[in-house]
Amino acid sequence: FKLIYKFLDRLNTDEKEERESDEGYIYKPYHSGVSFDNPHVVYYDENQVIVRFNRDVSDIEYVNGCPVLEREEEFNVVLVDVTGVDPNDFIRDVKKRDDVLEAELNIIGTGCDTDPTDEHWDKQWGNRAILCDKAWDYATGLTTLNPQIVL
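Numbered according to my numbering, the sequence shown spans residues 320 to 470.
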């Protein structure tokens, strides 16, 4: 599932279609055809929530009645299908459980479409030494990456 950098528990649950966070980001449900050209708009899958537990998740099939779609057992994280349930209500309710460490929206992201502009990039030994060119490809979406949850 998608990599997420911030916990999104301060969303305004009164507005269904568009929400603004304390950080100044606007959160909108993702749909095909959306434009990722505004860096202040964050899209999320309104049918999925990421939940991190304080225990093994290999046996978890359902979370609060919603089916588990995927598991990252190494991190005790599951991706839950919350179709038909408001994701913010689900997050609020699941966070009350003693075995849940965190729950958050599944953010949809896209890679950048830029390249380094330094004409001496290839001459810098440090960039080659730390495989910076490969990291750049990962960071800009030029290479397939299986992201993990960073908590």
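The C-beta atom is built at its ideal place from N, Cα and C for all residues, glycine as well.
Query                                                                                                                   : Result
First and last residue of the uninterrupted beta strand (DSSP E) at VAL397                                              : 396-400
Host beta strand (DSSP E) of ASN425 (start-end)                                                                         : 419-427
Residue range of the unbroken beta strand (DSSP E) whose run includes PHE372                                            : 360-372
CA nearest to the CA of ASP412, picked from ASN425, LYS347, HIS359 and VAL370                                           : VAL370
Beta carbon of ASN425 nearer than 7 Å to that of VAL401                                                                 : no
Distance, ASN357 Cα to GLY384 Cα                                                                                        : 35 Å
ILE345, DSSP secondary structure in three states                                                                        : strand
Contact check, ILE345 vs VAL360, beta carbons under 7 Å                                                                 : yes
Test item: CB-CB of ILE379 and VAL397 under 7 Å                                                                         : yes
Run of the alpha helix (DSSP H) containing ARG411, from where it starts to where it stops                               : 406-413
Neighbourhood of LYS415 by C-beta distance below 8 Å, restricted to the same chain and skipping five residues each side : none
Which residues DSSP lists as bridging ARG390, in chain order                                                            : VAL397
Nearest-angstrom Cβ-Cβ length linking VAL419 and PHE372, presumed shorter than 8 Å                                      : 6 Å
Of the residues VAL382, ARG374 and LEU388, the one placed nearest PHE394, counting alpha carbons only                   : ARG374
Strand pairing of CYS385, partner residues [DSSP]                                                                       : VAL382
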